[in-house]
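Student: Residue numbers (numbering that gives the first Met the number 0): 0 to 640.
By construction, the Cβ of each residue, glycine as well, lies at the ideal position given by its N, Cα and C atoms.
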Amino acid sequence: MNEYPHSGPVDHSRRFQSKWFETFNWLGYLPTTDAAYCFPCFLFGKKPLGKSSSDTFTMQGFRNWKRVGGKDCVFVSHMGKDTNSAHAYSALCWENRKNPKGHVDTVIEKLAPKQIADNCLRLSVSITIVRWLTFQKCAFRGHDESATSLNQGNFLEMLKLIAYYNKDVQKVVLGNAPQNAQYIAPDIQKQILHIFAQKVQNEIRKEIERFLELVHVKDTTSKTLKEEITTVLSNHELSIQNLRGQGYDGASNMRGEWNGLQALFIEDCPYAYYVHCLAHQLQLALVAAAREVFEVHEFFKDLIFIVNVVNSSSKRHDELQDRQVTELEYLVEIEEVETGKGLNQIGTLKRPEDTRWSSHFKSIYSVVKMFNATRCVLETIATDRQATYAQRGDATYALKKLLPFDFLFILHVMQELMGYTDALYRVSDLHVPYSDFIRSRRNKDVISVEHHYRVDVFTATMDQQLQELNSRFSEQTTELLILSTTLNPIDGYKHFNVEKICRLAEKYYPEDFSNHENSKFHLKYQLDLFYCDAPKHPEMKNLCTIADLCRSLAETGKSDIYPLVDRLIRLILTLPVSTSTTERAFSAMKIVNTSLRNKMKDDFLSNYLVLYIEKEIAEKFTVESITSDFNSMKPRRVQFS
């Protein structure tokens with residue numbers, strides 16, 4: 000922790016100093032008591048050889064900070080002046096405890112090098128299988144893992160497969176392994192997975208925008224979510240005071256201006272700017288906003304029903320495609336459509352799904368494109384005597400929903416609105432806010448139909464979308480994102496603007512570029528030099544993203560030459576504008592936590608997801624490093640070194 004409470008007189012108060020940890024490696028601090036302790040003495044504090052020892056650093060806790068430092072420093076006094084002191088005895092015990100090779104069971108049981116090699120090989124195979132199964136999003140265990148089972152699950156079946164093709168492995172696993180150290184039990188699998196996850200998380204702490212952990216919460220109130228997130232960050236030694244960006248979906252408990260999660264974090268850290276999570280895709284959010292209009296909501300319900308009826312069987316699918324071919328042949332004959340490679344492809348109706356980006360636009364577009372073919376298929380089903388009464392009834396009902404003016408009107412309105420938002424979302428240049436674009440469309444379009452369709456449907460839909468857009472792209476967020484784009488190295492740094500970059504640092508990150516360090520002056524100086532250097536550097540001139548630029552600065556050593564530029568780029572990367580990590584997390588959850596595996600415990604699921612999502616990091620760790628960590632987790636019955 001960075002801040003420790005003051006104690007003593009108001010005019011001359013003192014507090015614990017974190018720098019003491021560097022000088023006294025045995026020192027521990029407990030926030031609940033605001034007191035210092037000696038960790039070795041707490042564990043092994045006894046009175047050897049008649050020596051007396053105080054319980055100040057073991058039970059009571061020390062908090063008289065004015066006695067720390069100088070020639071009479073109480074910490075130095077506690078350590079004693081010779082090797083026979085109580086502290087020295089406890090420190091020796093602690094060092095011996097940390098050295099597993101010195102434990103009595105290891106000393107007594109000195110194994111031959113061949114036995115140690117066999118132990119390592121046996122564990123290495125289990126480690127390799129755990130990693131492979133996780134990378135391939137496979138389950139570990141089977142429904143029946145008994146010796147008579149024909150399928151003992153992925154882990155054991157793969158172990159048998161490896162043993163079949165590798166005689167050395169065969170000699171040390173399963174029936175040829177000690178019964179107390181086979182290293183195939185579910186608990187062992189989870190321990191190996193946990194070690195992998197911990198090593199990945201330690202690497203993630205050095206980076207930005209990675210999947211860190213999955214946490215189960217008792218409720219989704221903003222207070223509970225803040226406590227859980229703070230705990231996770233604290234467990235990984237990440238300080239809330241260093242938070243510089245946060246992004247969530249559009250729920251009120253997340254984005255609320257006064258009591259939302261983002262507001263609670265801003266109270267503690269005013270530079271943790273909130274940007275609406277872009278993984279909660281723009282178009283999908285706009286669809287949800289549009290469905291606040293009753294007529295639009297009814298339209299999507301009918302659309303889903305129509306698509307389901309037409310796609311209900313492969314026979315209907317073939318009929319739909321045959322109708323499209325017939326219609327296209329006629330249109331080509333009368334020269335109503337152009338011909339050429341890639342044009343006039345035969346397709347099928349797309350079903351809109353609440354968790355699939357752009358699926359609503361694709362569904363609407365497919366119905367517009369194949370409207371006549373869809374109508375013909377429904378008419379065929381409705382009059383087909385070989386069809387069941389339910390099939391004929393569904394087709395007749397679908398026709399009644401497809402043909403009315405209300406459905407057709409909203410179909411074309413939503414196609415136009417969502418066509419713009421679909422295209423806008425793919426535009427990387429944020430110089431024109433989405434809300435301004437949509438507002439300009441509303442002012443230009445004049446629909447000469449009845450008041451109901453013009454006001455109650457069209458205008459109401461536009462207003463709902465505008466509200467969603469304004470909540471996502473506030474004036475502050477828009478400016479922050481626009482200024483951030485000036486650091487993008489794409490197209491030979493054509494967007495690079497020293498003045499705007501300096502304004503970004505001065506306005507949004509004043510604490511990170513304080514006048515005390517003259518950082519503002521030095522930042523401009525470094526930016527000028529950087530702009531002369533980077534576009535010509537062979538490893539930096541063809542970069543496409545700010546993340547690529549950050550990585551390149553580190554790899555080329557330029558981060559040491561331009562430290563303030565590197566600092567600003569890392570701050571920009573904390574803004575949650577990238578969707579890749581969150582999208583991968585959502586997709587992984589859907590793949591991993593299936594209905595057949597919904598009994599996975601929280602820790603197991605979290606570790607599994609860390610390894611699966613960040614396999615790029617996990618694959619860097621050697622089997623030997625996992626074996627070493629596995630061996631140090633707790634005393635083992637066998638030796639690995």
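Can you grab the Cα-Cα spacing for the pair Y164 / M157, in whole Å?
Tutor: 11 Å
Student: Check whether the stretch 302–314 and the stretch 391–398 are in contact - that is, three or more C-beta pairs closer than 8 Å.
Tutor: yes
Student: Please report the distance separating the alpha-carbon of E378 from that of H359.
Tutor: 25 Å
Student: Is Y524 closer than 9 Å to Y492 when the C-beta atoms are compared?
Tutor: Not a contact, by the Cβ cut-off of 9 Å.
Student: Given this structure, state the Cα-to-Cα distance separating L327 from A372, to the nearest angstrom.
Tutor: Just so you know, the alpha carbons of L327 and A372 end up roughly 10 Å apart.
Student: Output yes or no for whether 9 Å exceeds the beta carbon distance between T626 and I126.
Tutor: yes
Student: Could you pull out every residue in the same chain whose Cβ sits closer than 8 Å to the Cβ of V129, ignoring the five residues on either side in sequence?
Tutor: F139, F154, Q188, I191, L192, F195
Student: My output table needs one value for Y272: the three-state DSSP class, helix, strand or coil.
Tutor: strand
Student: Are the Cβ atoms of L574 and Y272 separated by less than 9 Å?
Tutor: yes
Student: Taking the alpha carbon of Q200 as the reference point, which residue from T32, V367, S551, L237 has its own alpha carbon closest?
Tutor: L237
Student: Sorted by chain position, which residues of the same chain lie with C-beta nearer than 7 Å to V124's C-beta, five sequence neighbours on each side aside?
Tutor: Excluding the 5 residues flanking it on each side, V124 has same chain C-beta neighbours closer than 7 Å at L158, I161, V168, V172, in chain order.
Student: What residue from L548, F210, E294, R254 has the CA that sits closest to K225's CA?
Tutor: R254
Student: Less than 8 Å between the CB atoms is what I'm expecting for I303 and A397, so what's the real figure, rounded?
Tutor: Their Cβ separation, rounded to whole angstroms, is 11 Å, which puts I303 and A397 out of contact at 8 Å.
Student: Taking just the CA atoms, how far does E212 sit from L610?
Tutor: 10 Å
Student: Check the DSSP bridge columns for S624 and list the partner residues they point to.
Tutor: In the DSSP output, where bridge partners are listed per residue, S624 has none listed.
Student: Is the beta carbon of I545 sitting closer than 9 Å to the one on I568?
Tutor: yes
Student: Identify whether S76 lies in helix, strand or coil by the three-state DSSP scheme.
Tutor: Note: S76 maps to helix in three-state DSSP.
Student: Tell me where the beta strand (DSSP E) around G27 begins and ends.
Tutor: 26–29
Student: R566 and D511: beta carbons closer than 9 Å?
Tutor: In this structure, D511 lies closer than 9 Å to R566 by Cβ.
Student: How would you label D435, buried or exposed, when you count the other beta carbons within 10 angstroms and need 16 or more for buried?
Tutor: Its pLDDT being 49, under 50, D435 is placed unreliably in this model, and the value from its coordinates should be taken loosely. With fewer than 16 other Cβ atoms within 10 Å, it is exposed.
Student: State buried or exposed for Q59, treating a residue as buried only when at least 16 other CB atoms are found within 10 Å of its CB.
Tutor: Q59 is exposed by the Cβ-count criterion.
Student: According to DSSP, what are the bridge partners of H35?
Tutor: The amino acid occupying residue 35 in the given sequence is Ala; His does not appear at that position. BP columns for A35 point to Y28, F61.
Student: In three-state DSSP terms, what is Q16?
Tutor: coil
Student: Looking only at its own chain, which residues have a Cβ that is under 6 Å from the Cβ of V426, when we skip the five neighbours before and after it?
Tutor: Legend: pLDDT at V426 = 41, less than 50; position of this residue unreliable, value from coordinates given subsequently. Cβ within range, chain order: n/a, list empty.
Student: According to DSSP, is G174 part of a helix, a strand, or is it coil?
Tutor: helix
Student: Counting along the chain, where does the alpha helix (DSSP H) carrying K493 start and finish?
Tutor: Counting along the chain, no alpha helix (DSSP H) covers K493, and no H or E run does either.
Student: Assuming V274 and G246 make a contact with CB atoms under 8 Å, what is their CB distance in whole Å?
Tutor: With a Cβ gap of about 5 Å, V274 and G246 count as contacting.
Student: Exposed or buried, C543, counting other C-beta atoms within 10 Å across all chains shown (16 or more means buried)?
Tutor: Residue burial annotation: C543 is exposed, with fewer than 16 other C-beta atoms found within 10 angstroms of its C-beta.
Student: Under 9 Å between the Cβ atoms of L522 and L563?
Tutor: yes
Student: Within this structure, are the beta carbons of L232 and D267 separated by less than 9 Å?
Tutor: At a Cβ-Cβ threshold of 9 Å, L232 and D267 do not count as neighbours.
Student: What is the residue span of the alpha helix (DSSP H) that W131 lies within?
Tutor: 112–134
Student: Who does S6 pair with in a DSSP beta bridge?
Tutor: R13
Student: Going by DSSP, what residue range makes up the alpha helix (DSSP H) through A196?
Tutor: 185–203
Student: On the premise that K65 lies in contact with R13, defined as a C-beta separation below 8 Å, what is that separation, rounded to the nearest angstrom?
Tutor: 6 Å
Student: Where do the N-terminal and C-terminal ends of the alpha helix (DSSP H) with A654 fall, by residue?
Tutor: The chain is shown from 0 up to 640; residue 654 falls before or after that span and cannot be answered.
Student: Buried or exposed, going by whether 16 or more other CB atoms sit within 10 Å of the CB of K198?
Tutor: buried
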